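This report concerns only the one structure given below.
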Amino acid sequence: MTQTTQRDLVAEYFDGFRTSDHPRILATLTDDVEWVIHGHRTTRGKAEFDGEIENPAFTGSPELDVHRVHEDGPVVVTTGEGRGASVEHGPFRFAFNDLFTFRDGLIARVDSYLVPLP
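Residues in the sequence shown are numbered consecutively from 1, following UniProt numbering.
Structure (structure tokens):
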């Protein structure tokens, strides 16, 4: 049996977001996961996290292009660019940096930094 690496789990997380697959994303997380979207909001626990996966202020699933992945101990850091659509303003682009902290083989915390792009 092949062991799932932290990088594999992060890839699974992003694949879940690309298709708005809630069970797929939630399976990568600890029950007490924290998601800190710096400058915006913090969710605690799977239920709150689940509510942010398809935030009602946005439509559809995001397009996410991961450019770099770095792993150091229980932390995986990703950088990339994405595209989405907000209900109020339509299509938008953004750069992102996500820092994933692992505990017991699952993602226990996500720190997200988002920057709007022209």
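Ideal placement from N, C-alpha and C gives every residue a C-beta, glycine not left out. Computed from a predicted model, the values in this text were never measured in an experiment.
Inter-segment contact for the region 35 to 44 and the region 97 to 117 is present: three or more beta-carbon pairs are separated by less than 8 Å. Between Phe-100 and Leu-114, the CB-CB gap reaches or exceeds 8 Å. Distance check between Phe-92 and each of Pro-23, Thr-59, Thr-5, Glu-12 places Thr-59 closest, using alpha-carbon atoms only. Take the alpha-carbon of Val-87 and the one of Pro-56: they are about 8 Å apart. Put simply, the backbone Cα of Glu-71 is about 19 Å away from that of Thr-30.
Under the DSSP assignment, Asp-15 falls in the alpha helix (DSSP H) whose first and last residues are 6 to 18.
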